[in-house]
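Here's the structure we're looking at; comments come further down.
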Amino acid sequence: MDRIAFITDLHLLEKNVEKKGVDTLQNWKAVLNDVKAKNIGKIIFGGDFGEKDALEIILMMPVILRSN
1 MDRIAFITDL
11 HLLEKNVEKK
21 GVDTLQNWKA
31 VLNDVKAKNI
41 GKIIFGGDFG
51 EKDALEIILM
61 MPVILRSN
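All residue numbers for the sequence shown refer to UniProt numbering, where the first residue is 1 and numbers rise by one.
The following block contains the structure:
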């Protein structure tokens, strides 16, 4: 049985969040490391990805998870 992660509210690259001192890209990397460490088989995204450019970062996720 696959383990499932439910991820929401990434807010990647949103300036108003970054102005408050939140490093959304670093948080995303931490999530990916956790997903990999816990051998998660499926991911469900609940929304609030972030700015338009965030989609490109999210779509790179399979490549990142397959790497060392």
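In this text, a Cβ means the ideal position worked out from N, Cα and C, and glycines have one as well.
Since residue 12 and residue 57 should fall inside the 8 Å C-beta cutoff, what is the C-beta to C-beta distance between them, to a whole number of angstroms?
As a working note, residue 12 is residue 12 in the sequence shown. As a working note, residue 57 is residue 57 in the sequence shown. The Cβ separation is near 6 Å, so the contact holds.
What first and last residue would you give for the beta strand (DSSP E) that runs through residue 40?
Position 40 of the sequence shown, counted from the first residue, corresponds to residue 40. Per DSSP, residue 40 belongs to no beta strand (DSSP E) and is neither H nor E.
Return the Cβ separation of residue 65 and residue 32 in integer angstroms, given the expectation that the two are a contact with Cβ distance under 8 Å.
Position 65 of the sequence shown holds residue 65. Position 32 of the sequence shown holds residue 32. Right, the Cβ-Cβ distance comes to about 7 Å (below 8 Å), so this counts as a contact.
Quick one: Cα of residue 2 to Cα of residue 22, how far?
Looking up residue 2 in the sequence shown gives position 2. Looking up residue 22 in the sequence shown gives position 22. Spanning the two alpha carbons is a distance of roughly 31 Å.
To the nearest angstrom, how far is the alpha carbon of residue 41 from that of residue 26?
Numbered from 1 along the sequence shown, position 41 holds the residue referred to as residue 41. Numbered from 1 along the sequence shown, position 26 holds the residue referred to as residue 26. Straight-line Cα distance between these residues: approximately 22 Å.
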